[in-house]
Every structure is written in C-alpha cells, then in structure tokens.
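A.B. asks: Per the numbering used here: the sequence shown = residues 592 to 1086.
The beta carbon of each residue, even a glycine, is placed where N, CA and C say it ideally should be.
Quick one: the structure is below, questions incoming.
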Amino acid sequence: MKSEIDFFKLIDRSNPLTGESIRLKRAKIVCTMGPSCQDPKILRQMIREGMDVARLNFSHGTHADHLRSIQSLRRIAKEEGKYLGILQDIQGPKIRIGKFPKGIVELRKNDEFIVRTDQVVGSSRQISISLKNLHQHIEVGHRILLDDGLIFLVVEKIRGRAIHTRVVFGGSLKDNKGVNLPDTRLKGFSCLTPKDKKDIAFGLKNGVDFIALSFISEAQDIMKVRRLIKSQPDIPLIAKIETRQAVHNIEEIINVADGIMVARGDLGVECPLEKVPGLQKRMIRAANRKGKFVITATQMLESMTRSPRPTRAEASDVANAVLDGTDAVMLSAETASGQFPLESVKTMTRIIMRTEQYQQSFSDIQETRLHESVTDIGHGVTAAAVHITSNLQASAIVAFTHSGATARYVSRLRPSPIIFALSPFEAICRRMAVVWGVIPGIIRKMKHTDEMPALSRPVLTEFKMWRKGTRFVMLSGTPVAKPGTTNLVKVHEVK
C-alpha cells in the first residue's frame, strides 16, 4: 500500500538559512576530500548538491591538512544547516615493495624474480618487501600480485628470506607499489601501524564521526581498535572489506562493526573480477539484514576524473548499487583529484534519485525483511512500526533516538515514507548522515514519551508535513533516554 506522501517525489523544503530548495534522496553520498575540492565555494556547492559525508583519506596529507579540512567542513555545513558526517579513512598496513635505482624496472613473462624480506637494492631480478616475516607465512604456489594486480608472480621456492617467484604477467614495475597476497594467511599480522594509532588519536581529538579501518581480516581486528578507542567507545567503526580473508569472515566482521565498506579496488585484485559484483550484492544483503550501514566504493564514476559526463556503464553501476540496497555510494578520485568534483556529485545525485523512483525494488526488500524471524525487541518493534505505517498510510516514521540504533533498524526495512531521526545529540545526527533514508534533526532531551508530538512538530513543519489529518508513526523507548530500549510505537494524527 502506498503512503499518503510519496517520498520519491521532491518534498517542498527550503534551507532555513539560505532559502534555497533542498533535494532529498534516500541513498547517501560520501565524497573524498583532496586538492580538487579545497575551495570553500566548491565544498559549499557539493554539500548543496548532495554530499552527505566527507571522507578524509589518511594515506595522504598531514594532520595540519586534515585539521583545516575538518574546520572548513564544519563551518560550511553549519552555515548550510546540514548534519555533515566526517569519515576518517585509516591507511592501514599496506604492504609495499622497495625502490629501484632508476625508479622502474621491466619484468618479462617467465622471468625468475626474487622477493626478499631483508633489505636489498632493487633490480630486474629482486626487490625487498615491507612485510619482514612474509617468508614465514607464504607457501609454494601462492600468488603475489603487484601494482593492483597488473604484475602477477607465483612462488616456486622459499630459501630463507628469499622468496623465488616466476613472472606470469609482466610489465613495468615502479618504486613502492602495493602488494596483494590473495592466497596467504598472515597470522599475527597487526591491523594497525604506529602511524594509524597516531592518526586515530588525532581523529578522536578533532571529532571525526566515523573511522574506516583498512585491510582488516577478522572480527578480532575490529575489537583491537575498540580497545584502543575506549575513551570514545561509541565512535562508529567501518570495516573495509578488501581482502579474501575479510570476505571469508564477513558475517563475524559485520557482527562487531558498525558498518562496512565494499572496497572494490583491492577486492578486485584479491578476487577474480567476475566475482566482485556477486560479492557486492552478498555483502550489502548481509549488512542490511543486521541493521549495519554499508558504503559501496571505488571507481563508481571514475571517468569523471577527466570528463564532465560518466560512461553509461558507470551510471548503471551506481544505480545497481542503490537497487542492491547500499546505504551510500562513494566518490574517490572523482572529487579528491578529478577535474569535475561538483559535476560528479550532481551526476551521482541525479542517478540516485532517478533510480529511487523504482519503488518496487525497495518494496521487495521490505517484504522479505518484514517476514524474517526476529528475537531482538528493537528489530521486532521497528518492523511493527513499518507495518502500521503502511496500513494507516502514515506520512513519516519518527524515531526518537539517543544512539541512532532505532533509526538504523527502521532503515533496514526500506520503508516508503521518510524516516526522521530526532536526537538531542548533534554527534548522533551527523552519524545518521550515512544511513539510508534517514533525515536527522536536533531536539531537546525528552522527559516523557507524551512529548513526542510536540518535539517532532518543528522538524515536520520545516518539511511542510505537519498538516491537519496527517498521521505519523513515532518510535521511542521506556525508560526514556536509555539507549537500546526501543519498545514503544505511537501513532499521532494532527488535529
């Protein structure tokens, strides 16, 4: 049954500070910061055109650079009346080769090439690697992939610290290129480097909203970081799924992470390319099912780094991620270093909004999840709320939340009406910036559930939805202000 208000048509809402109209979409957009969008005027336009989360890539830049970005983003977002999330993406333990005297060598098919775990001068016959105990873990027959898989080696024998390989696919190999080990299980491999720990401390000090963890392989990696940030344990941790081990352990990782990122770059190196689309769908479904947000990333509009228009295949890629049920799609080089950062955001917004007109796709997701067996009270109550919303043709679901969990539980069901997440905490509102279909709003602390209509009225009025006869389904918990107690559904009709 369709809701009285069709979300997929634009809602008449204006920015309260600028008076300009605001376009609403369900899937969110994550934009990577970089030289191409440092200009405050461009950042402001990107926010207006649909950027929901700003990603700071800590593989590049100094702490001073990132601090300037944080300060600029916070100032502009406040001026625009936007709860913009800031995502800190940690570099992680990326394995790299060493250097060559001339910066480059040529490897030919069937050549022998030695990878060494001690320090050597690079040549066309050998190179050192940053992982100093690799010889203890790798085995004969394992693959070593260099430079995003462009160069393919197979291990033939191991002699001390010398790993003898045969070149399967050759090519030009430059200094410091990345290494992928799709067949090798690295036991005791730390998911954090000393640099990562310093970066995380910086992020916590300066109020980032999310921390994305690179090259994790199991749930224990997430738990190690949780222990590290025990001073701020509620900061959402995002597990970047980019290795075969992480794919194998996806269920346990999702259980302990707050969200995942389908990082298709390294994933497409470690796994056969033809498997990546299916893995993407599987991971999105797994995260959705457990009420965890998911970001789909890498090369979504790659051609727009140099062209003002995407390819048709890229447009289909973004659309299919939305139809799969992703919470957010991410722009990387397109906004960080590309020639058309603003056009990339505009294009992604248009693709999302047009795709979201196909309501049947979300109806199918909703139908499947509403009939799943649940034992968690919060999941059960939010499922009931979505049923009630549909049956009564309510215009919106209003979730009163201290942690954001209630809104996430509703979002996983992909309801047609708008989801409002109202919280007394600005940090929680910013964390909702990555969750599908959720519009955050600040309210004062609620003392009793009878206050729900009065507290929600200003936000609903801003969206011109508070009208006589309009119905809203409201969710909260008792006792009030205790996270994790979603147990109350209330239907309010405006008199």
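Measuring CB to CB, does Phe691 end up less than 7 Å from Asp766?
C.D. replies: Contact: yes.
A.B. asks: Which term fits Arg1058, buried or exposed, when burial requires 16 or more other beta carbons within 10 angstroms of its beta carbon?
C.D. replies: Per the 10 Å Cβ criterion, exposed.
A.B. asks: Are Val853 and Gln836 close, meaning C-beta to C-beta below 7 Å?
C.D. replies: It is not a contact, given that the beta carbons lie outside the stated cut-off.
A.B. asks: Check Val711 in the structure and name its three-state DSSP category.
C.D. replies: Looking at Val711 - three-state DSSP - the assignment turns out to be coil, as it is neither helix nor strand.
A.B. asks: Less than 8 Å between the CB atoms is what I'm expecting for Leu983 and Arg1062, so what's the real figure, rounded?
C.D. replies: At roughly 6 Å, the Cβ-Cβ gap stays under 8 Å, so Leu983 and Arg1062 are in contact.
A.B. asks: Using CA coordinates, which residue listed in Lys673, Thr889, Arg876 and Arg999 is at the minimum distance from Asp849?
C.D. replies: Asp849 has its Cα closest to that of Arg999, out of Lys673, Thr889, Arg876 and Arg999.
A.B. asks: Under 8 Å, with one C-beta from each stretch per pair, do the segment 750-767 and the segment 788-798 reach the 3-pair mark?
C.D. replies: The answer is no - the segment 788-798 does not touch the segment 750-767, with fewer than three Cβ pairs under 8 Å.
A.B. asks: Measure the CB-CB distance between Gly1064 and Ile1010 and report whether it falls below 7 Å.
C.D. replies: The residue asked about is misnamed: residue 1064 is Val in this sequence, not Gly. No, the Cβ-Cβ distance between Val1064 and Ile1010 is not below 7 Å.
A.B. asks: Measure the C-alpha to C-alpha separation of Arg945 and His728 and round it to an integer number of angstroms.
C.D. replies: Looking at the two C-alpha atoms, the distance is approximately 49 Å.
A.B. asks: Strictly by DSSP, which residues pair up with Ser763?
C.D. replies: Answer is Glu697, bridged to Ser763.
A.B. asks: Is the beta carbon of Arg818 closer than 7 Å to that of Gly761?
C.D. replies: Taking 7 Å as the Cβ cut-off, Gly761 and Arg818 do not qualify as a contacting pair.
A.B. asks: Considering only residues of the same chain and omitting the five flanking positions on each side of Ala877, which have a CB-CB separation below 8 Å?
C.D. replies: Excluding residues within five positions, the ones whose Cβ falls inside 8 Å are Ile841, Glu842 and Ile845.
A.B. asks: So Gly641 and Thr940 are supposed to be a Cβ contact under 8 Å. How far apart are they, rounded?
C.D. replies: Between Thr940 and Gly641 the Cβ distance is about 4 Å, and since that is below 8 Å, they are a contact.
A.B. asks: In three-state terms, what does DSSP make of Lys881?
C.D. replies: Correct three-state label for Lys881: coil.
A.B. asks: Please classify Pro1074: does DSSP put it in a helix, a strand, or coil?
C.D. replies: If DSSP states are grouped into helix, strand and coil, Pro1074 belongs with coil.
A.B. asks: So, does the segment 642-651 touch the segment 620-633, judging by three or more C-beta pairs under 8 Å?
C.D. replies: At 8 Å Cβ cutoff, the stretches touch.
A.B. asks: Quick one: what's got a C-beta closer than 8 Å to Val564's C-beta in the same chain, skipping five residues either side?
C.D. replies: Because the chain spans 592 through 1086 in this model, residue 564 falls outside it and cannot be assessed.
A.B. asks: What whole-angstrom Cβ distance do Ile688 and Ile720 have, given they're in contact under 8 Å?
C.D. replies: Correct: roughly 6 Å between the Cβ atoms.
A.B. asks: Quick check on Gly859: does DSSP put it in helix, strand or coil?
C.D. replies: Helix.
A.B. asks: By the three-class DSSP mapping on this structure, what secondary structure does Asp738 have?
C.D. replies: Reduced to three states, the DSSP call for Asp738 is coil.
A.B. asks: Could you say which of Leu737, His733, Thr708 and Asp739 lies nearest to His726 if we only look at CA atoms?
C.D. replies: Looking at the Cα atoms, Thr708 is the closest of the given residues.
A.B. asks: What's the C-alpha gap between Gly859 and Met874?
C.D. replies: About 14 Å.
A.B. asks: Suppose the cutoff is 7 Å on Cβ atoms and the five residues either side in sequence are ignored; what does the same chain contact list for Val1085 look like?
C.D. replies: Counting only Cβ-Cβ distances below 7 Å, and skipping sequence neighbours, we find Trp1057, Arg1058, Lys1059, Gly1060 and Thr1061.
A.B. asks: Put Arg1062 into one of helix, strand or coil per three-state DSSP.
C.D. replies: Strand at Arg1062.
A.B. asks: Under the assumption that Val582 contacts Ala618 (Cβ atoms under 8 Å), give the Cβ distance between them as a whole number of angstroms.
C.D. replies: Lying before the first or after the last residue shown, residue 582 is absent from the chain, which here runs from 592 to 1086.
A.B. asks: Determine the DSSP secondary structure at Ser605, reduced to helix, strand or coil.
C.D. replies: The predicted model places Ser605 with a pLDDT of 47, which falls under 50 and marks its position as unreliable, so this point remains unresolved.
A.B. asks: Would you call the CB atoms of Pro1015 and Met1023 closer than 7 Å?
C.D. replies: Not a contact, by the Cβ cut-off of 7 Å.
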